[in-house]
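Residue numbers (our numbering): 19 to 117.
Every residue, glycine too, gets a C-beta built ideally from N, C-alpha and C.
These figures come from a predicted structure and were not determined experimentally.
The structure appears below as structure tokens.
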């Protein structure tokens, strides 16, 4: 599964801030690169939250998901808080299986 972490450039604080995460399930990018596909989707989804959509950028990341954790990704679009909570849950689950 491919995830896109969506950030925007905060020029006042001089740093990037996480807007949310997009979860890509499809394999076919319809002739676009991962960056192009994710950036277009990110601007459509999160564009209303920022003044300048040109300040939005994405960081694609491949995520290996086991069958028992796929239910976590049913939503497809996560805001910052949902993403952080989901990652905490995955970490707890991984630690529980290791021990």
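Boundaries of the alpha helix (DSSP H) harbouring residue 62: 52-64, taken from the DSSP string. The criterion of a C-beta distance shorter than 8 Å is satisfied by residue 80 and residue 20. In this structure, DSSP gives residue 38 an extended state, which the three-state scheme calls strand. The continuous stretches of beta strand (DSSP E) do not include residue 69, and DSSP gives it neither H nor E. The C-alpha of residue 37 lies about 13 Å from the C-alpha of residue 62. Going by beta carbons, residue 39 and residue 74 fall outside the 8 Å limit. Across the set 107, 48, 76, 34, the C-alpha of 76 shows the shortest separation from the C-alpha of residue 41.
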